[in-house]
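Order-wise, the sequence lines are chains E and A.
The working numbering puts the first residue of the first sequence at 13, with every later residue one more than the last.
The working numbering puts the first residue of the second sequence at 13, with every later residue one more than the last.
Glycine is no exception: its CB is placed at the ideal position from the N, C-alpha and C atoms.
Worksheet: one structure, shown below.
There are 2 protein chains.
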Amino acid sequence: MANNNYVAIMAGGVGSRFWPASTENRPKQFLDILGVGKSLIRLTYERFLKIVPNENILIVTNKVYKAQVAEHLPELPLENILCEPSRNNTAPCVAYTAMRLRAMNENAVFVTAPSDHVILKEDAFLEKIQTAFEVAGKNDVLLTLGITPTRPDTGYGYIRYEAAEGEVKKVRQFTEKPDLETAKSFLASGDYLWNAGIFVWSAKSILASFGKNAPEIVEILEAGKDAYNTPDEQAFVDEAYPRTPSISVDYAIMEKAQNVHTIPSDIGWSDLGTWGSLYAFRDKDETSNVADGKIVIQDTTNSLIRGNKDKLTIVRGLDDYIIVDEDNALLIYPKSAEQEIKKLVKQLKDQ
Amino acid sequence: MANNNYVAIMAGGVGSRFWPASTENRPKQFLDILGVGKSLIRLTYERFLKIVPNENILIVTNKVYKAQVAEHLPELPLENILCEPSRNNTAPCVAYTAMRLRAMNENAVFVTAPSDHVILKEDAFLEKIQTAFEVAGKNDVLLTLGITPTRPDTGYGYIRYEAAEGEVKKVRQFTEKPDLETAKSFLASGDYLWNAGIFVWSAKSILASFGKNAPEIVEILEAGKDAYNTPDEQAFVDEAYPRTPSISVDYAIMEKAQNVHTIPSDIGWSDLGTWGSLYAFRDKDETSNVADGKIVIQDTTNSLIRGNKDKLTIVRGLDDYIIVDEDNALLIYPKSAEQEIKKLVKQLKDQ
Numbered sequence: 013m014a015n016n017n018y019v020a021i022m023a024g025g026v027g028s029r030f031w032p033a034s035t036e037n038r039p040k041q042f043l044d045i046l047g048v049g050k051s052l053i054r055l056t057y058e059r060f061l062k063i064v065p066n067e068n069i070l071i072v073t074n075k076v077y078k079a080q081v082a083e084h085l086p087e088l089p090l091e092n093i094l095c096e097p098s099r100n101n102t103a104p105c106v107a108y109t110a111m112r113l114r115a116m117n118e119n120a121v122f123v124t125a126p127s128d129h130v131i132l133k134e135d136a137f138l139e140k141i142q143t144a145f146e147v148a149g150k151n152d153v154l155l156t157l158g159i160t161p162t163r164p165d166t167g168y169g170y171i172r173y174e175a176a177e178g179e180v181k182k183v184r185q186f187t188e189k190p191d192l193e194t195a196k197s198f199l200a201s202g203d204y205l206w207n208a209g210i211f212v213w214s215a216k217s218i219l220a221s222f223g224k225n226a227p228e229i230v231e232i233l234e235a236g237k238d239a240y241n242t243p244d245e246q247a248f249v250d251e252a253y254p255r256t257p258s259i260s261v262d263y264a265i266m267e268k269a270q271n272v273h274t275i276p277s278d279i280g281w282s283d284l285g286t287w288g289s290l291y292a293f294r295d296k297d298e299t300s301n302v303a304d305g306k307i308v309i310q311d312t313t314n315s316l317i318r319g320n321k322d323k324l325t326i327v328r329g330l331d332d333y334i335i336v337d338e339d340n341a342l343l344i345y346p347k348s349a350e351q352e353i354k355k356l357v358k359q360l361k362d363q
Numbered sequence: 013m014a015n016n017n018y019v020a021i022m023a024g025g026v027g028s029r030f031w032p033a034s035t036e037n038r039p040k041q042f043l044d045i046l047g048v049g050k051s052l053i054r055l056t057y058e059r060f061l062k063i064v065p066n067e068n069i070l071i072v073t074n075k076v077y078k079a080q081v082a083e084h085l086p087e088l089p090l091e092n093i094l095c096e097p098s099r100n101n102t103a104p105c106v107a108y109t110a111m112r113l114r115a116m117n118e119n120a121v122f123v124t125a126p127s128d129h130v131i132l133k134e135d136a137f138l139e140k141i142q143t144a145f146e147v148a149g150k151n152d153v154l155l156t157l158g159i160t161p162t163r164p165d166t167g168y169g170y171i172r173y174e175a176a177e178g179e180v181k182k183v184r185q186f187t188e189k190p191d192l193e194t195a196k197s198f199l200a201s202g203d204y205l206w207n208a209g210i211f212v213w214s215a216k217s218i219l220a221s222f223g224k225n226a227p228e229i230v231e232i233l234e235a236g237k238d239a240y241n242t243p244d245e246q247a248f249v250d251e252a253y254p255r256t257p258s259i260s261v262d263y264a265i266m267e268k269a270q271n272v273h274t275i276p277s278d279i280g281w282s283d284l285g286t287w288g289s290l291y292a293f294r295d296k297d298e299t300s301n302v303a304d305g306k307i308v309i310q311d312t313t314n315s316l317i318r319g320n321k322d323k324l325t326i327v328r329g330l331d332d333y334i335i336v337d338e339d340n341a342l343l344i345y346p347k348s349a350e351q352e353i354k355k356l357v358k359q360l361k362d363q
């Protein structure tokens, strides 16, 4: 019996928020940001390998990262790395993936998941994905995993769902990054979930929804119907893909489609969006520091210290700091001011 | 007329107090510690070139630093680099230098000076040295430059001199590193100077004093009398020098000899002994920071920031810090605790 279940891992992001560890040449997904000896993309890939065979995993990335993907996932067939020639946000990316999978297997059902998030409760996560595969294989629905919120975070999108029996709930509404009061009311109401950008659908259903809600994307990419999954695919994509509109799948599809459902999931998820979120996520030492590398710490607390490899780092007398020492830059910054890092780096680049 | 005036620049020190910028492989004298584009040894050499010809300058260093000396002073004849095979402190070093110079010119008068100090008032300094050359060329005296003290520093040695007419004063007593009360009384009395380790004497006078006060050193090094200033010199020194006692010229000669004189000198001198002394010495920016490199400073004051070359350094929210980023180590340390750095580095090495 053919295995109709596939995974598409999205790995084209530039991860500008983890500067200076992440750079455009080496975005976050390729970093061992957790200090476990494996990059985030490797951890994501190994997680999905437990429920789908190697040949059913696709990586969708920008052309410039193809070699890095191959280096981090050497056992993945090279043809499973889909290369975007331009950055056009997630909607064209999902449509392209769906067309490639339809060409491989017209009954394909697939997960679309980020390559740079972390999931602590792996068993719970994989169970939810299995459920989603089954539901999406049998029904014309678009599924998004909804994360049980643990705090009134104002940096995430929220999903409001309809109370109902069973694991799968109909989505009523998406709300992007609410203010704090709104986020608190969402949390109190109990019928909101975080939108983690982890989707499950059949190729048929998502392409039908694209046809209805974003026909301009389908029109451009459908022209290469006969090229997908053949040696001609890359040449077609190189020519056509940059002409698609740059738009997110949330905006193009999810907020418009009527058949969107969610599966509430308590899976220990973090998008690791900032140094502060990484600090919050990691285990601390007895003085509440997270230190990676050859570090000597004196009289220092609540800090995230990421030393340069093979280099001795000595830190004394700091509280609540981020210290990141990379070959291209050294950052010594209060954790409480980290939202200014991205702005500052942009200013410096623009100079 | 032969030029009898010579300079011997001492460049064998390991400068462990400027860690991590200075290391045993690259001690302080080879660093551009002032951020002017030239190493301290280069600055010292160029200073003396204004009053003695190139061929009359010797560098006395450890064998392992010979190549670095030649690299920093490419116009210096290679035979002017005297190489100690072992670290035996300054007395054997001065005796060896004097014997080499005597072999070159029996009327040699020479300065012995550290390679890693800084002198702001160069004209005043060179005038004092000229005076010292004249006095030491005509009299059997041992001269040491005495620095007019500007603060009750407890890290320096003090010279007490006898009030007298003229520029040259007889030395009554040397006192090593006094406590603060004593240092204050020295400063108030007006007849104390700092001992900077800058000496002037004739080869004849200093060797006569060695014969009287440190005969064991003369006995060992005098055996090579016929080898000095010949191709056999290094082989002799390699064999004999390590057998000399390790002792400072201050202790072996200056504290015992009866013909020690000093020339009070106001020359803007600093031995640059610590990061703090470098900070004190350097010009500050409008927020009282000293920053070398490509540095972005926010809300940071009274700090010394030495960035790694070609690397961006971003520092925010610190006061009174030393930040030194070298390839082998990164130091982030309160300036007020800098005396602990040396101890800490020693502990780490001993592990």
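- Contact list for LEU324(E) against chain A, beta-carbon separation under 8 Å: At a C-beta separation below 8 Å, LEU324(E) has these neighbours in chain A: PRO32, ASN340, ALA341, LEU342, LEU360.
- Segment contact flag, the region 132-147 of chain A with the region 245-259 of chain A, C-beta cutoff 8 Å, min 3 pairs: no
- Message: Does TRP31(A) come out as helix, strand or coil in the three-state DSSP assignment?
- Response: coil
- Query: If you count every other CB in all the chains shown that lies within 10 Å of the CB of LEU290(E), and 16 or more means buried, which is it?
  - Reply: Looking at its Cβ environment, which holds 16 or more other Cβ atoms inside 10 Å, LEU290(E) is buried.
- Closest by C-alpha distance to LEU10(A), when choosing among LEU316(A), VAL106(A), ASN320(A): Outside the shown range of chain A, which is 13 to 363, sits residue 10(A), and nothing can be said about it.
- Consider the Cβ of VAL327(E): report whether some Cβ of chain A lies at a distance smaller than 8 Å. yes
- Note down, in chain order, every chain A residue with its Cβ under 8 Å from the Cβ of ALA349(E). At a C-beta separation below 8 Å, ALA349(E) has these neighbours in chain A: ARG328, GLY329.
- Query: Using a C-beta cutoff of 8 Å, does LEU290(E) count as contacting chain A?
  - Reply: no
- Is the CB-CB distance between ILE69(E) and PHE60(E) below 8 Å? yes
- Minimum Cβ-Cβ distance from ASN404(A) to chain E less than 8 Å: Because chain A spans 13 through 363 in this model, residue 404(A) falls outside it and cannot be assessed.
- Residue interval of the beta strand (DSSP E) (run including ASP337(A)): 333-337
- Message: Within 8 Å of any Cβ in chain A, is that where the Cβ of TYR253(E) sits?
- Response: Residue contact check for TYR253(E) against chain A: no CB pair falls below 8 Å.
- Message: Extract the residue ranges of the beta strand (DSSP E) inside the region 199-245 of chain A, only unbroken runs of 3 or more that lie entirely within it.
- Response: Entirely contained in the region 199-245 of chain A, the beta strand (DSSP E) runs reaching 3 residues are, in chain order, 204-214.
- Return helix, strand or coil for ARG38(E), following the three-state DSSP convention. If DSSP states are grouped into helix, strand and coil, ARG38(E) belongs with the strands.
- Taking only beta-carbon atoms, is ASP337(E) less than 8 Å away from chain A? yes
- Query: Distance, Cα to Cα, LYS196(E) vs PRO276(E)?
  - Reply: Distance between the alpha carbons of LYS196(E) and PRO276(E): 18 Å.
- Message: Let me see if you follow: with CB-CB separation under 8 Å, is ASN320(E) close to chain A or not?
- Response: yes
- Task: Taking only beta carbons into account, state which residues of the region 169-183 of chain A come closer than 9 Å to chain E, listed in chain order.
- Result: none
- Give a yes or no on whether the minimum CB-CB distance between LEU356(E) and chain A is below 8 Å. yes
- Message: Spatial neighbours of CYS95(E) within its chain, please: C-beta separation below 6 Å, excluding the five flanking residues on both sides.
- Response: LYS75, LYS78
- Determine the burial state of ASP191(E): buried for a count of at least 16 other Cβ atoms within 10 Å of its Cβ, exposed for fewer. exposed
- Three-way DSSP call (helix, strand, coil) for ARG112(A) in this model: Reduced to three states, the DSSP call for ARG112(A) is helix.
- Message: Determine whether the beta carbon atoms of ASN241(A) and ALA110(A) lie at a separation below 8 Å.
- Response: The criterion of a C-beta distance shorter than 8 Å is not satisfied by ASN241(A) and ALA110(A).
- Which class does LYS323(A) belong to by DSSP, given the choice of helix, strand or coil? coil
- For the alpha helix (DSSP H) holding SER289(A), just list the boundary residues, first then last. 287-293
- Selected residue, minimal CA-CA separation from ASP332(E), among LEU324(E), GLU350(E), ASN225(E): GLU350(E)
- Message: Which residue wins for smallest C-alpha separation from VAL130(A), given the options GLY178(A), VAL48(A), SER348(A)?
- Response: VAL48(A)
- State the start and end residues of the unbroken beta strand (DSSP E) segment that holds ILE141(A). Here ILE141(A) belongs to no beta strand (DSSP E); instead the alpha helix (DSSP H) covers 134-150.
- Message: For GLU245(E), count the other beta carbons within 10 Å of its own beta carbon; 16 or more makes it buried, fewer makes it exposed. Which is it?
- Response: buried
- At a Cβ cut of 7 Å, what residues of the region 258-278 of chain E count as close to chain A, listed as they run along the chain? none
- Query: With distances taken from CA atoms, which of SER51(A), ILE309(A), GLY24(A), PRO104(A) is nearest GLU368(A)?
  - Reply: This structure leaves residue 368(A) out entirely; chain A is present only between 13 and 363.
- Which value, in whole angstroms, describes the spacing of the CA atoms of THR156(E) and PHE211(E)? 4 Å
- Message: Relative to the C-alpha of GLU198(E), which candidate in ALA220(E), ASP165(E), ALA176(E) has its C-alpha closest?
- Response: Glu is not the amino acid found at residue 198(E); the sequence shown has Phe there. It is ASP165(E).
- Message: With three or more C-beta pairs closer than 8 Å as the rule, is the region 218-238 of chain A touching the region 160-175 of chain A?
- Response: no
- Message: Using only CA atoms, which one of VAL308(A), LEU343(A), TYR345(A), ALA20(A) lies nearest to GLN359(E)?
- Response: Minimum Cα-Cα distance from GLN359(E) among the listed residues VAL308(A), LEU343(A), TYR345(A), ALA20(A) corresponds to VAL308(A).
- Determine the chain A residues that contact PRO346(E) at a beta-carbon separation under 7 Å, and present them in chain order. Result: ARG328, GLY329.
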